[in-house]
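Please read the structure below before turning to the comments.
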Amino acid sequence: MIYIKTREEIELMRESALMVSRTLGIIAKEVKPGVTPKFLDKIAEEFIRDNGGVPAFKGYRGFPATLCISINEAVVHGIPTDKALSEGDIISVDCGVKKNGFYGDHAYSFAVGVVKPELQKLLEVTKESLYKGIEQCIAGNRIGDISFAVQNYAEKHGYGVVRELVGHGLGKSLHEDPEVPNYGKRGDGPKIKDGMVFAIEPMINLGKKNVKQLNDGWTIVTADGLPSAHFEHDVAIVDGKPDILSTFAYVEEALKLKV
Ligand code: MG
Ligand code: MG
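As numbered in the numbering used here, residues 2 to 260 make up the sequence shown, in order.
Next up, the structure:
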C-alpha cells in the first residue's frame with residue numbers, strides 16, 4: 002500500500018531529509034586519503050544526535066553503523082571499517098535519519114582525492130541518471146517512467162544497472178511501497194500521485210550489472226569487481242511535480258571549498 006502524505010507531513014519529511022543532507026555536507030569536508038570510514042561514521046552519528054535526530058540505519062535489521070560506506074566495487078550497504086581511504090577510491094556514503102517520526106534517506110558518491118577520468122565520469126553519469134529519474138516524478142506518470150529514464154541514461158553510457166536493489170517509498174517507515182527500480186519500462190507500475198514520497202537511488206556499475214553479497218551479510222559488491230556509484234534523493238510529489246526534499250547543496254559547497 003502506498004501512503005499519501007499531507008503537506009504538513011511532507012514538511013516534516015523535508016526536515017529529516019535536510020538533516021541527512023547536512024550530515025553528508027559534513028562528511029564531504031572529511032573525505033580524503035588516510036581518513037577511515039569509521040571516523041566518518043562517528044562524526045555523522047554525533048551530528049545527527051546533537052541535532053535531535055536518530056541514525057536510522059544503526060540497528061536496522063542489525064546494521065551496526067550510522068552510515069553505509071561502500072568503497073570502489075562495493076555498491077551499497079558497506080559497513081564502515083578502520084581501513085583508511087586511498088587516493089583514487091570512490092565511495093558511496095548513504096545516510097538515514099529519523100526525526101519527528103519520519104525518515105530521510107539519501108546518498109552521495111565521492112571521489113577520494115583525484116580519481117581516474119573513467120571513475121569521475123561514472124560519478125557524473127550516475128548523479129545525472131538520478132535527475133533523469135526525478136524529472137519523471139510527475140502525477141499521472143508511472144513508476145516505470147522513472148525506472149526507464151534512469152536505466153536508459155545509464156545504459157547509453159555503457160554502464161550496468163543493478164537489478165537486485167531498488168529505490169522505495171519513504172515516510173514513517175524507511176522502506177515503504179512502492180519499489181522504485183532503476184530499470185523498467187515506460188508506463189509500467191503504480192501511477193504516481195500527489196503526496197507520494199520516493200527515495201530514488203540509482204546504483205550504477207562501471208562494468209556488468211551483476212552483484213553479490215559478501216559474507217558479512219551486508220556489503221553488496223559487483224560480481225566483476227569493477228567500481229560502482231550510488232546517488233539518492235528523497236522526492237515528494239507536490240502540485241503534480243517533483244519536490245526534492247533532500248539537497249546536494251551542502252556537499253557541493255564543501256567540495257568547492259576543498260579544491
Ligand atoms: Mg539510502
Ligand atoms: Mg534508500
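Positions of the beta carbon are idealized from the N, C-alpha and C atoms, including for glycine.
- DSSP places T7 outside both helix and strand once states are collapsed to three, so it counts as coil.
- Per DSSP, reduced to three states, the secondary structure at N206 is strand.
- With a 10 Å radius around the Cβ and a threshold of 16 neighbouring Cβ atoms, S87 comes out exposed.
- The Cβ neighbour count for K6, taken over all protein chains shown within 10 Å, is at least 16; the residue is labelled buried.
- Excluding five sequence positions before and after I238, the CB atoms of its chain that fall closer than 7 Å to its own CB belong to C138, A140, I193, K194, D195, G196, M197, given in chain order.
- Closer than 7 Å to some heavy atom of ligand 2: that describes the Cβ of D106.
- At a threshold of 7 Å, D83 does not count as near ligand 1, since its beta carbon sits no closer than that to any of the ligand's heavy atoms.
- When only Cα atoms are considered, V116 and N153 end up about 25 Å apart.
- Counting along the chain, the unbroken beta strand (DSSP E) around T223 starts and ends at 221–223.
- Apart from the 5 residues on each side of it in sequence, L41 sits with its Cβ closer than 8 Å to the Cβ of I28, E31, V32, L68, I70, P81, V94 in its chain, given in chain order.
- Counting of Cβ neighbours within 10 angstroms places S174 among the exposed residues, the total staying below 16.
- Following the DSSP letters along the chain, one finds L68 inside the beta strand (DSSP E) bounded by residues 68–72.
- Cα atoms of G218 and P228: separation of roughly 20 Å, rounded to the nearest angstrom.
- DSSP places E177 inside the beta strand (DSSP E), whose first and last residues are 177–181.
- The Cβ neighbour count for K100, taken over all protein chains shown within 10 Å, is at least 16; the residue is labelled buried.
- The beta carbon of K213 lies closer than 7 Å to those of V222, A224 in the same chain, with the five residues before and after it left out.
- Between ligand 2 and G134, a heavy atom-to-CB distance of less than 7 Å is absent.
- Look at Y109 here: in three-state DSSP terms it is strand.
- With contacts defined by Cβ atoms closer than 8 Å, Y4 and G190 do not form a contacting pair.
- Per the coordinates, the alpha-carbon of A18 lies some 30 Å from the alpha-carbon of K157.
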